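Q: Encoded as structure tokens, here's the structure I'll be asking about.
There are 2 protein chains.
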Amino acid sequence: MADFLSLVNSFTATVSFSAFDKMVPLLASAEAAEVAEVAEEAAEADEALVVAGVLLSLITIYLASKIGGEICARINLPPVLGDLVGGVVIGVSVLKLLVFPEGGEDASSSVIMGFVQSTTDLEPSALVATFQSQSEVIAILAELGVIILLFEIGLESELKELIKYGPQAAVVAVVGVVAPFVAGTVGLITLFHVATIPAIFAGAALTATSIGITAKVLAEIGRLSAKEGQIIIGAAVLDDILGIIVLAVVASLVKTGEVEVANIAYLIVSAGAFLVGVILLGRFLSPYYVGLVKELKTRGPLLISALIIAFVLAYVGAAIQLEAILGAFAAGLVLGETDKQQELEEQVVPVSDVFVPIFFVVVGAKTNLGVLNPADPSNREGLIIATFLIVVAIIGKTIAGFTIFGQPEINRLAIGIGMIPRGEVGLVFAGVGAASGALSESLEAAIIMMVILTTFVAPPLLRVVFKEEEPLPQPESVGSSQE
Amino acid sequence: MADFLSLVNSFTATVSFSAFDKMVPLLASAEAAEVAEVAEEAAEADEALVVAGVLLSLITIYLASKIGGEICARINLPPVLGDLVGGVVIGVSVLKLLVFPEGGEDASSSVIMGFVQSTTDLEPSALVATFQSQSEVIAILAELGVIILLFEIGLESELKELIKYGPQAAVVAVVGVVAPFVAGTVGLITLFHVATIPAIFAGAALTATSIGITAKVLAEIGRLSAKEGQIIIGAAVLDDILGIIVLAVVASLVKTGEVEVANIAYLIVSAGAFLVGVILLGRFLSPYYVGLVKELKTRGPLLISALIIAFVLAYVGAAIQLEAILGAFAAGLVLGETDKQQELEEQVVPVSDVFVPIFFVVVGAKTNLGVLNPADPSNREGLIIATFLIVVAIIGKTIAGFTIFGQPEINRLAIGIGMIPRGEVGLVFAGVGAASGALSESLEAAIIMMVILTTFVAPPLLRVVFKEEEPLPQPESVGSSQE
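Here the protein sequences line up with chains A and B, keeping their order. Going by the working numbering, the first sequence opens with residue 1, and the numbers climb by one from there. Going by the working numbering, the second sequence opens with residue 1001, and the numbers climb by one from there.
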């Protein structure tokens, strides 16, 4: 009987989730023996069970996002902070519901995988492979989330406004890169006697701006299309490009001891050519696009063709060594100029609601708050350096906001605050630095603390500085709510 | 210079796609050496390049879906057939743009991976891992696609109508399972002298109905909520459950030579309890759900909470050895009864537009038309048996439609035709049979041919039989179009 049940179990497992996974070995080959072998191999990470793990992960992510977001909305904090904090609660720091193998966690510490194992017929031997596959799918969904977020931000941005405030945004971006970089590097060398190369790496990590978090908060408080919002978005986009260039410079310094001008020039030219090229080409091709969409008779003509464009530009952005999110943003900008903008935005919103929380919750879930624990002696040196980096990070970007010229009425403080969150971009510097062996443990931990603090502190601050200026009629009803 | 470029390449690769992947090793550990090691391991399937592969795959899938769908819509065929044919064209049978490792293809035969390799800095050593990760993500997205499709079908279905026509649907389902099973099994034994066990397996493969394809066509021609549509959906859902039971019976026959009544009883009881339980519990809890949604202030309150319910029920459906899609369908049915149905459906449509084509195109892409090639002598025995199976498959289900009682006005032919496509469910039988060694090569190939033919032939036939009955005013504008 037990034997029979396990047989039926293994068969019904192939049926569950429409057992689509079993389709291919059958279609591809007529050799029954080979098929049997393939089927056995596939059991190592049974697709049906990966789907089960993904479903549970998505349920957990959406619950964390909704509960965190609703609490934040009620205590007048930005809902995206709820996504981040909700992610921290379900992630590696607290409940360990959603953990990722790259975090040094194994399958046995994943509560979700444990649950899958106790409710399905997941074999212990297949646990690791299933956990890894499930984690990878969630990580890729998070990436698609930030791509779709930047596409939506692009759609909501006004190209005219971005160009109009381009000079101001450029000044904010350059000052916001140079000030914290110089202050951080010099401070680490003089005050903390850090060697030059690691100090430069840490300084470089201070230059980034996480466009995702800032843009989301701006949308939530209905300020994305305000003058300040457009300057912040413009500066953050330029910051992203500057960050890539800074990283290339620093990386070449570490490796060869000198700066390769040709490559830096390539990055600058390709970034400029990409953005200008997309916008010019987009203006030229937009009428044909709108005409084509009107001819389409199958479901989702506007949305799917827009996503094709967004994904193509995201791919191009990545392939020319910029970022996928820059391509998605450019696609949104161009399509936002067409007369289909309103209709398209309405259709993108539900897709964005499905994908974007995955990104922010995963950011939170991957954040290990352990490095912030002062009770752990090994954290203390890092904590002191971190305090310095955090001060430089906040002041450096705030100063950038005050460099705005020709706009007497503008909220300079809000612009500076808007540039504060380092998000994942700052962590890339720490990662590349650590991988190259240039950073000490404590300096790496300090950079991570700086990234966490600036990322979590900016959303509520941003709300406060915009609130001080003038009371908004119904902040919850704009951007932060669907109803 | 070359050395430097490759360094910068490897660094900028970590930046592209916001290099989110590099975040975790940094956060989790303070040991720089370990971090470096983790980073190197990660290089085996760099997440940024997996995202690049996924983006290209999605672009290809959407282009295939749109081009195929638009052509079909213009020659008056169901657009979903365009998804399937578009998938065949980009898949393993023709262009090999989108291939899957389980199909026996390796990374070097994937045109998409080749393109990624030539446009990014993907290392040849990382090619296989990146290809596998990318394929897995697309496969899981396809699974989510069919789950969301069934959720949408459930939303659009009327619970009252399903219950009203329940007896008719049950008769259609039972006759549609018994008739082809008996005719197929007996025919194979008497006409083709096939041994009993493989004949029973092949007969069992004739019993399935692919609810996804039929429901999509019905929605496209605006007949989903017609009397015929609701009987087909009800019968297809029951067929799915019957299919799971038949598989358990056949599997136990092969393994132990006898039928375990206890397990069959468990499957029948759990299926019934699940569907009835969800509907009763859903009716009881719906008002609380609608009340809760009205209280939510963050984005997407209705859509995300509905998806949470759909995913929970999909998980439960899978965990109790039914199918995830049955859970999603039940969730749609229950939420379709609330007064939020209209609003929810509007928000699900764009999400469905994004996910569902992935499912159908992937079905097409995984279909290897090689087994249909009569020029290959090894296919010929299979082709003769396949012809017999196809005749039985079509006649067996068509007969089932004519067993409808008490409905003189109904289109019996349309109901029978609606049950014809076997889809992926039929392939599961072939797969389990092949894995257990019960099926010969030619019989397995014959089953696969039967599944391909019935799946591709039913959508246009369905359209014809509904057309004959009465002309529809504007078939393109209902279900098949957004505008």
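Backbone N, C-alpha and C fix where the C-beta goes; we use that ideal spot for every residue, glycine too. Since the structure is predicted, the reported quantities are computational estimates derived from the model, not experimental observations.
Taking leucine 1357 (chain B) as part of the alpha helix (DSSP H), name the residues at either end of that continuous run.
A: The residue given as residue 1357 (chain B) occupies position 357 in the second sequence. As written in the sequence, residue 1357 (chain B) is proline, which differs from the leucine given in the question. Segment 1341-1366, the alpha helix (DSSP H) holding proline 1357 (chain B).
Q: Given that glutamine 1347 (chain B) touches chain A, what residues does it touch there, using C-beta distances under 7 Å?
A: Start at 1 with the first residue of the second sequence, and residue 1347 (chain B) comes out as number 347. Residues of chain A passing the Cβ test: Pro350.
Q: Any chance you could list the beta strand (DSSP E) runs of at least 3 consecutive residues sitting entirely within the segment 1046-1113 of chain B, in chain order?
A: Those beta strand (DSSP E) runs which fall completely within the segment 1046-1113 of chain B and span 3+ residues do not exist here.
Q: Can you give the Cα-Cα distance for tyrosine 1288 (chain B) and threonine 1207 (chain B), rounded to whole angstroms?
A: On the second sequence, position 288 is the one that residue 1288 (chain B) refers to. On the second sequence, position 207 is the one that residue 1207 (chain B) refers to. Computed Cα separation, rounded: 40 Å.
Q: Since serine 57 (chain A) and isoleucine 112 (chain A) are thought to touch, with beta carbons under 8 Å apart, how far apart are those beta carbons, to the nearest angstrom?
A: Looking up residue 57 (chain A) in the first sequence gives position 57. Looking up residue 112 (chain A) in the first sequence gives position 112. Between isoleucine 112 (chain A) and serine 57 (chain A) the Cβ distance is about 6 Å, and since that is below 8 Å, they are a contact.
Q: Closer than 7 Å by C-beta to glycine 1364 (chain B): which residues in its own chain qualify, once you throw out the five before and the five after it? Chain order, please.
A: Translated into the one-based positions of the second sequence, residue 1364 (chain B) becomes position 364. If we look at glycine 1364 (chain B) and ignore the five residues flanking it on each side, its Cβ neighbours are Asp1083, Leu1084, Val1085, Gly1086, Gly1087, Val1088, Gly1091.
Q: Can you pull the chain B residues whose beta carbon is under 7 Å from the beta carbon of glutamate 228 (chain A), in chain order?
A: Reading the first sequence from its first residue, position 228 is the one you call residue 228 (chain A). Those do not exist, as glutamate 228 (chain A) stays about 22 Å from chain B at its closest Cβ, beyond 7 Å.
Q: Name the chain B residues whose beta carbon is nearer than 9 Å to that of proline 79 (chain A)?
A: Position 79 of the first sequence, counted from the start, is the residue given in the question as residue 79 (chain A). Neighbours of proline 79 (chain A) on chain B, chain order: Lys1297, Thr1298, Arg1299.
Q: Write down the C-beta distance between valine 1116 (chain B) and alanine 1052 (chain B) rounded to the nearest angstrom, noting that I regard them as a contact closer than 8 Å.
A: Residue 1116 (chain B) sits at position 116 when you count from the first residue of the second sequence. Residue 1052 (chain B) sits at position 52 when you count from the first residue of the second sequence. The Cβ separation is near 5 Å, so the contact holds.
Q: On the criterion of 16 or more Cβ atoms from any shown chain inside 10 Å, does isoleucine 140 (chain A) qualify as buried, or is it exposed?
A: By one-based count along the first sequence, residue 140 (chain A) stands at place 140. Buried, by the Cβ-count rule.
Q: Thinking phenylalanine 359 (chain A) and glycine 145 (chain A) are a contact (beta carbons under 8 Å), I'd like their distance in whole angstroms, please.
A: Numbered from 1 along the first sequence, position 359 holds the residue referred to as residue 359 (chain A). Numbered from 1 along the first sequence, position 145 holds the residue referred to as residue 145 (chain A). That belief holds up - the Cβ atoms of phenylalanine 359 (chain A) and glycine 145 (chain A) are roughly 3 Å apart, short of 8 Å.
Q: For a contact meaning CB atoms closer than 9 Å, what does serine 305 (chain A) contact in chain B?
A: Along the first sequence, one-based indexing puts residue 305 (chain A) at 305. The contacting residues are Tyr1062, Lys1066.
Q: Please decide whether leucine 1055 (chain B) counts as near chain A, where near means a Cβ-Cβ distance under 8 Å.
A: Within the second sequence, residue 1055 (chain B) is the residue found at index 55, counting from 1. Yes, because at least one Cβ of chain A sits closer than 8 Å to the Cβ of leucine 1055 (chain B).
Q: Taking C-alpha atoms, which residue in A:Val432, A:Thr455, A:Phe429 lies nearest to glycine 423 (chain A)?
A: The sequence position of residue 423 (chain A) within the first sequence is 423, counting from 1. Answer by Cα proximity: A:Thr455.
Q: Note down the Cα distance separating valine 465 (chain A) from leucine 326 (chain A), rounded to an integer number of angstroms.
A: Translated into the one-based positions of the first sequence, residue 465 (chain A) becomes position 465. Translated into the one-based positions of the first sequence, residue 326 (chain A) becomes position 326. The straight-line gap from Cα to Cα measures roughly 27 Å.
Q: Tell me whether proline 1357 (chain B) is buried or exposed, calling it buried when 16 or more other Cβ atoms sit within 10 Å of its Cβ.
A: Counted from its first residue, the second sequence places residue 1357 (chain B) at position 357. With 16 or more Cβ atoms within 10 Å of its Cβ, proline 1357 (chain B) is classed as buried.
Q: Residues of chain B with CB under 7 Å from phenylalanine 311 (chain A), in chain order?
A: By 1-based counting over the first sequence, the position of residue 311 (chain A) is 311. Those within 7 Å of phenylalanine 311 (chain A) in chain B are Leu1055, Leu1058, Ile1059.
Q: Do isoleucine 1410 (chain B) and lysine 1160 (chain B) have their CB atoms nearer than 8 Å?
A: Taking the second sequence and counting its residues from 1, one reaches residue 1410 (chain B) at position 410. Taking the second sequence and counting its residues from 1, one reaches residue 1160 (chain B) at position 160. No, the pair does not count as a contact, with Cβ atoms beyond the cut-off.
Q: When you compare each of B:Met1419, B:Leu1427, B:Ala1445, B:Leu1439 to alanine 1169 (chain B) by their alpha carbons, which one comes out closest?
A: As a working mapping, residue 1169 (chain B) is identified with position 169 in the second sequence. Comparing Cα-Cα distances from alanine 1169 (chain B) to each of B:Met1419, B:Leu1427, B:Ala1445, B:Leu1439, the minimum goes to B:Met1419.
Q: Just to confirm the assignment, what range does the alpha helix (DSSP H) spanning glycine 1406 (chain B) have?
A: Position 406 of the second sequence, counted from the first residue, corresponds to residue 1406 (chain B). Neither: glycine 1406 (chain B) is in no alpha helix (DSSP H) and is coded neither H nor E.
Q: Less than 8 Å between the C-beta atoms of leucine 1218 (chain B) and glycine 1234 (chain B), yes or no?
A: By 1-based counting over the second sequence, the position of residue 1218 (chain B) is 218. By 1-based counting over the second sequence, the position of residue 1234 (chain B) is 234. Result no, Cβ atoms of leucine 1218 (chain B) and glycine 1234 (chain B) do not sit closer than 8 Å.
Q: Using 8 Å as the cut-off, can you tell me whether the segment 1198-1206 of chain B makes contact with the segment 1059-1069 of chain B, which would need three or more C-beta pairs spanning the two stretches below that distance?
A: Verdict: no, contact absent.
Q: So the alpha helix (DSSP H) serine 1305 (chain B) belongs to, where does it begin and stop?
A: If you number the second sequence from 1, residue 1305 (chain B) lands on position 305. Segment 1301-1319, the alpha helix (DSSP H) holding serine 1305 (chain B).
Q: By Cβ distance below 6 Å, which residues in the same chain neighbour alanine 1438 (chain B) in space, the five residues on each side in sequence not counted?
A: By one-based count along the second sequence, residue 1438 (chain B) stands at place 438. Within the same chain, alanine 1438 (chain B) has close Cβ partners Ile1197, Pro1198, Phe1201, Val1254.
Q: Using a Cβ-Cβ distance cut-off of 8 Å, determine whether threonine 209 (chain A) contacts chain B.
A: Along the first sequence, read from residue 1 onward, the residue named residue 209 (chain A) stands at position 209. No, because no Cβ of chain B sits closer than 8 Å to the Cβ of threonine 209 (chain A).
Q: Starting from serine 1286 (chain B), follow the alpha helix (DSSP H) in both directions and report where the run begins and ends.
A: The residue labelled residue 1286 (chain B) in the question sits at position 286 within the second sequence. Looking at the DSSP string, the run of the alpha helix (DSSP H) that includes serine 1286 (chain B) is 1261-1295.
Q: Using a Cβ-Cβ cut-off of 6 Å (strictly less than) and excluding sequence neighbours within five positions of valine 1171 (chain B), which residues of its own chain qualify?
A: Here residue 1171 (chain B) refers to the residue found at position 171 when the second sequence is read from its first residue. Excluding residues within five positions, the ones whose Cβ falls inside 6 Å are Thr1403.
Q: Is the segment 428-436 of chain A in contact with the segment 366-384 of chain A, if contact means three or more CB pairs nearer than 8 Å?
A: Taking 8 Å as the limit for Cβ pairs, the verdict is that the segment 366-384 of chain A does not touch the segment 428-436 of chain A.
Q: With 8 Å as the threshold, decide whether the Cβ of tyrosine 289 (chain A) is near any Cβ in chain B.
A: On the first sequence, residue 289 (chain A) is found 289 positions in, with the first residue counted as 1. No, tyrosine 289 (chain A) does not count as interfacial toward chain B.
Q: Note down, in chain order, every chain B residue with its Cβ under 9 Å from the Cβ of glycine 69 (chain A).
A: In the first sequence, residue 69 (chain A) corresponds to position 69, counting from 1. The contacting residues are Leu1296, Lys1297, Thr1298, Arg1299.
Q: Near valine 987 (chain B), which residues of its chain fall below 6 Å by C-beta distance, leaving aside the five closest residues on each side in sequence?
A: This structure does not reach residue 987 (chain B), given that chain B is present from 1001 up to 1483, and the question cannot be answered.
Q: From lysine 467 (chain A) to glycine 416 (chain A), what does the alpha carbon distance come to, in whole angstroms?
A: Along the first sequence, read from residue 1 onward, the residue named residue 467 (chain A) stands at position 467. Along the first sequence, read from residue 1 onward, the residue named residue 416 (chain A) stands at position 416. In a straight line, the C-alpha of lysine 467 (chain A) is about 15 Å away from that of glycine 416 (chain A).
Q: By the DSSP assignment, the alpha helix (DSSP H) with proline 167 (chain A) in it spans what residues?
A: The count along the first sequence starts at 1 and reaches residue 167 (chain A) at position 167. Counting along the chain, the alpha helix (DSSP H) containing proline 167 (chain A) begins and ends at 166-192.
Q: Roughly how many angstroms separate the alpha carbons of alanine 1262 (chain B) and alanine 1205 (chain B), rounded to a whole number?
A: Reading the second sequence from its first residue, position 262 is the one you call residue 1262 (chain B). Reading the second sequence from its first residue, position 205 is the one you call residue 1205 (chain B). Cα to Cα, the separation comes out at about 23 Å.
Q: Take glycine 1103 (chain B) as the anchor and find which of B:Glu1136, B:Thr1120, B:Leu1122, B:Thr1119 has the nearest alpha-carbon.
A: By 1-based counting over the second sequence, the position of residue 1103 (chain B) is 103. If we check each option's Cα against that of glycine 1103 (chain B), B:Glu1136 comes out closest.
Q: Report yes if the C-beta distance between alanine 306 (chain A) and alanine 314 (chain A) is below 8 Å; otherwise report no.
A: Sequence index remark: in the first sequence, residue 306 (chain A) carries index 306 (1-based). Sequence index remark: in the first sequence, residue 314 (chain A) carries index 314 (1-based). No, they are not a contact pair.
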